[in-house]
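In my numbering, the protein residues as written are 2 to 264.
Ideal Cβ positions, reconstructed from N, Cα and C, are used throughout, including at glycine.
Since we're looking at a predicted model, the values are computed, not measured.
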């Protein structure tokens, strides 16, 4: 039976292998964009950052390498353990703490809060999104900002209709294991919920295999929903950018939306 969250728990040690391309190629470009946003939209100098749903620390580590004081927070201890091992190997000092992004207890402690890789869309209930926004608002100093990314629902549905079939690829682990991944997506009718379904088969060097079935639901929030929820939390300035581009134009055709909310 498919289960949610397997890649963040039982299979956490394969996460960086499966997302190697994202971590090595996309993350540096993402943080370039984030620094541009800091310059344009923060009303205070950004030095201290809280990275929510930090996982194994990809963007967190890249921010630290660029001189920011970063704290990573994630729900899954298995992911945090890997992140801690990585920073120890490269000689950085980053606190990684286990916690729920919906239950933040910080008060005006950070210049910026970040939440990458569709993590905000895992808040499938609007009440959870509201809790997240209020907690982020309280965590920020006046003039600080929140950045989060999610799929553009209109482009997502369009592309899903054009290419409804599964995406299949494989990677090799340093252990010699071969990992086969099959991804496919199912859209619920009127709820804006997409089920990210995945089959992962791990084959060892003896040809023995084990298979894992996953089903992770995410909610496709529109730019208007993101804006309204951020404003309801108290953010006076809210912008939506698209596809790592800072622009005043509405990102209607962007594949990814970037919420930028300034306190």
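> Taking only runs of the beta strand (DSSP E) that begin and end inside the segment 53 to 124, which ones reach a length of at least 3 residues, in chain order?
Replying inline: 70 to 75, 97 to 99, 111 to 116
>> As a quick exercise: from 247, 178, 162, pick the residue whose alpha carbon is nearest that of residue 37.
In response: Your numbering for residue 37 matches position 36 in the chain shown. Among 247, 178, 162, the Cα nearest to that of residue 37 belongs to 247.
> The beta strand (DSSP E) with residue 147 in it runs from where to where?
Replying inline: Here residue 147 refers to the residue found at position 146 when the chain shown is read from its first residue. First-last of the beta strand (DSSP E) with residue 147: 141 to 152.
>> Is the separation between the beta-carbon of residue 117 and that of residue 51 shorter than 8 Å?
In response: Numbered from 1 along the chain shown, position 116 holds the residue referred to as residue 117. Numbered from 1 along the chain shown, position 50 holds the residue referred to as residue 51. No, these two residues do not count as a Cβ contact at 8 Å.
> If residue 93 and residue 62 are in contact, beta carbons under 8 Å, what's the gap, nearest whole angstrom?
Replying inline: For the purposes of this step, residue 93 is taken as residue 92 along the chain shown, with counting starting at 1. For the purposes of this step, residue 62 is taken as residue 61 along the chain shown, with counting starting at 1. The Cβ separation is near 7 Å, so the contact holds.
> Going by other Cβ atoms of all chains shown within 10 Å of its Cβ, with 16 needed for buried, is residue 162 buried or exposed?
Replying inline: Against the chain shown, residue 162 aligns to sequence position 161. Its Cβ having fewer than 16 others within 10 Å, residue 162 is exposed.
> In this structure, does DSSP put residue 19 in helix, strand or coil?
Replying inline: If you number the chain shown from 1, residue 19 lands on position 18. In the structure shown, residue 19 sits in a helix (DSSP, three-state: H, G or I).
> Using CA coordinates, which residue listed in 242, 173, 79, 189 is at the minimum distance from residue 6?
Replying inline: Looking up residue 6 in the chain shown gives position 5. The residue with the shortest Cα to Cα distance from residue 6 is 79.
> Counting Cβ pairs closer than 8 Å, one from the segment 197 to 209 and one from the segment 175 to 185, do we hit at least three?
Replying inline: yes
> With burial defined as no fewer than 16 other Cβ atoms inside 10 Å of the residue's Cβ, what is the status of residue 164: buried or exposed?
Replying inline: Start at 1 with the first residue of the chain shown, and residue 164 comes out as number 163. Exposed, by the Cβ-count rule.
> Roughly how many angstroms separate the alpha carbons of residue 205 and residue 167, rounded to a whole number?
Replying inline: As a first step, residue 205 must be located in the chain shown, where it is residue number 204. As a first step, residue 167 must be located in the chain shown, where it is residue number 166. Cα to Cα, the separation comes out at about 24 Å.
> To the nearest angstrom, how far is it from the Cα of residue 137 to the Cα of residue 210?
Replying inline: In the chain shown, the residue the question calls residue 137 occupies position 136. In the chain shown, the residue the question calls residue 210 occupies position 209. So the two alpha carbons sit approximately 43 Å from each other.
> Thinking just about the alpha-carbon of each residue, which of 193, 194, 208 is nearest to the one in residue 181?
Replying inline: The count along the chain shown starts at 1 and reaches residue 181 at position 180. Residue 181 has its Cα closest to that of 208, out of 193, 194, 208.
> What residue from 69, 230, 257 has the CA that sits closest to residue 150's CA?
Replying inline: For this step, residue 150 is matched to residue 149 along the chain shown. When only C-alpha atoms are compared, the closest one is 257.
> Taking just the CA atoms, how far does residue 263 sit from residue 25?
Replying inline: Stepping through the chain shown from its first residue, residue 25 is reached at position 24. Stepping through the chain shown from its first residue, residue 263 is reached at position 262. C-alpha separation (whole angstroms): 29 Å.
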